[in-house]
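So the structure is just underneath, and the comments pick up after that.
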Amino acid sequence: MNTLRLRRHDLVWLDPAIDVGRFAAAAQADATRHWVKQGFPLVVARQTAAPGEGAERIKLGFTLPSAPARTRVMLSADRPAIIRHSRPLLLADAMHLAPTDWQANMNKLHALFERTGTVARVYGSLSSEILTGRRYLDASSDLDLLLECGDATRLRELLTGLEVFSPAVPRIDGEILATSGWAAAWRELAAAMRNGIAQVLAKSDTDVQLIGVEEFTQPFPVPA
22 MNTLRLRRHD LVWLDPAIDV GRFAAAAQAD ATRHWVKQGF PLVVARQTAA
72 PGEGAERIKL GFTLPSAPAR TRVMLSADRP AIIRHSRPLL LADAMHLAPT
122 DWQANMNKLH ALFERTGTVA RVYGSLSSEI LTGRRYLDAS SDLDLLLECG
172 DATRLRELLT GLEVFSPAVP RIDGEILATS GWAAAWRELA AAMRNGIAQV
222 LAKSDTDVQL IGVEEFTQPF PVPA
């Protein structure tokens with residue numbers, strides 16, 4: 022695990038045999054211990070330093086399903102405390118677990134992603150509800166997606182499809198992930214490409230800055 026690169030939105034599980042409460046603020050230590058003992062994952066946050074090989078502490082977070090206002094818990098964990106890791110849930114694996122009134126539109130979305138060669142992953146409230154079995158979704162919830170589509174023609178088709186699609190239920194939110202590791206809100210990227218804007222505000226695993234729109238049109242490497 023020490024040589025594993027952890028990326029923003031990735032899921033990790035911490036060792037319940039250690040005192041994970043020491044990784045969090047004192048007021049949230051017990052909540053952190055309880056979360057980990059239930060076997061629930063945490064989400065990799067944006068780091069202050071590269072979360073690659075050799076990083077000793079990893080910034081993580083999880084959201085408690087408390088109502089009406091959910092509580093976000095942030096912590097900085099020792100890398101050796103991580104016992105399991107995965108990329109965010111694939112949309113294809115999450116679809117059948119989504120609310121009934123989302124199903125028809127999620128099937129249409131899945132067809133759009135297949136047509137454009139897009140790898141779609143789920144994060145946010147739907148992911149939290151699936152992974153914990155707790156209630157996170159409500160009438161105002163969005164479908165948060167992390168989308169990989171590194172081809173200029175297909176990316177334009179994807180963004181056009183998302184803009185035309187835009188159903189009321191669920192509202193589609195989320196990011197387009199570039200080969201470089203930068204990610205931008207799909208609506209902002211769509212507007213930039215449509216209006217000939219050269220740069221868009223984007224996030225990496227460690228930074229936030231304006232980057233060139235052309236970075237999003239580079240092809241993803243073919244898996245070995």
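According to the numbering used here, the sequence shown holds residues 22 to 245 in order.
We treat Cβ as the ideally placed atom computed from N, Cα and C, and that holds for glycine.
Computed from a predicted model, the values in this text were never measured in an experiment.
Among the options, the one whose alpha carbon lies nearest that of residue i
i      : options                        : result
Glu150 : Ile232, Arg91, Asp40, Val234   : Arg91
Arg237 : Val94, Ala46, Ser201, Gly60    : Before going on, a small fix: residue 237 reads as Phe here, not Arg. Closest option to Phe237, Cα to Cα, is Ser201.
Ser87  : Val140, Ser146, Gly138         : Ser146
Thr137 : Leu63, Ala113, Arg175          : Arg175
Glu235 : Val229, Leu210, Thr227         : Leu210
Val229 : Asn216, Ala206, Ala102         : Ala206
Ala115 : Tyr157, Arg100, Ser148         : Ser148
Gly154 : Arg29, Leu27, Gln59, Ala50     : Gln59
Arg29  : Leu198, Ala212, Tyr157, Arg215 : Leu198
Contact under 7 Å by Cβ, residue i with residue j
i      : j      : result
Asp194 : Asp159 : no
Phe44  : Leu96  : yes
Trp203 : Ala223 : yes
Leu152 : Pro62  : yes
Ala66  : Gly42  : no
Asn126 : Pro188 : yes
Val64  : Pro37  : no
Gly171 : Pro240 : yes
Ile79  : Arg54  : no
Val190 : Asp122 : yes
Asp163 : Arg208 : no
Residues that DSSP places opposite residue i in a beta bridge
i      : result
Met95  : Gly82
Glu196 : Leu167, Ala206
Ile103 : Leu35
Proximity test, Cβ basis, 7 Å: residue i and chain C
i     : result
Arg78 : In the displayed structure, chain C is absent; only one protein chain is listed.
Neighbourhood of residue i by C-beta distance below 7 Å, restricted to the same chain and skipping five residues each side
i      : result
Arg93  : Gly82, Thr84
Arg108 : Asp31, Arg142
Ile39  : Ala102
Ser225 : Gly202, Trp203
Ala161 : Before going on, a small fix: residue 161 reads as Ser here, not Ala. Closer than 7 Å at the Cβ level, and outside the excluded window around Ser161, lies no residue.
Gly233 : Ala219, Gln220
Close-in-space but distant-in-sequence residues of the same chain around residue i (CB under 8 Å, 5 per side omitted)
i      : result
Leu111 : Val140, Ala141, Arg142, Val143
Leu231 : Gln220, Val221, Leu222, Ala223
Glu77  : Asp99, Arg100
Asp51  : Gly42
Residues near residue i by beta carbon distance below 6 Å, same chain, minus five either side
i      : result
Ala113 : none
Leu118 : Ile151
Arg105 : Trp34
Arg156 : Pro86
Evaluate the contact criterion for the stretch 127-137 versus the stretch 176-183: three or more CB pairs, one atom per stretch, below 8 Å.
-> The stretch 127-137 is in contact with the stretch 176-183.
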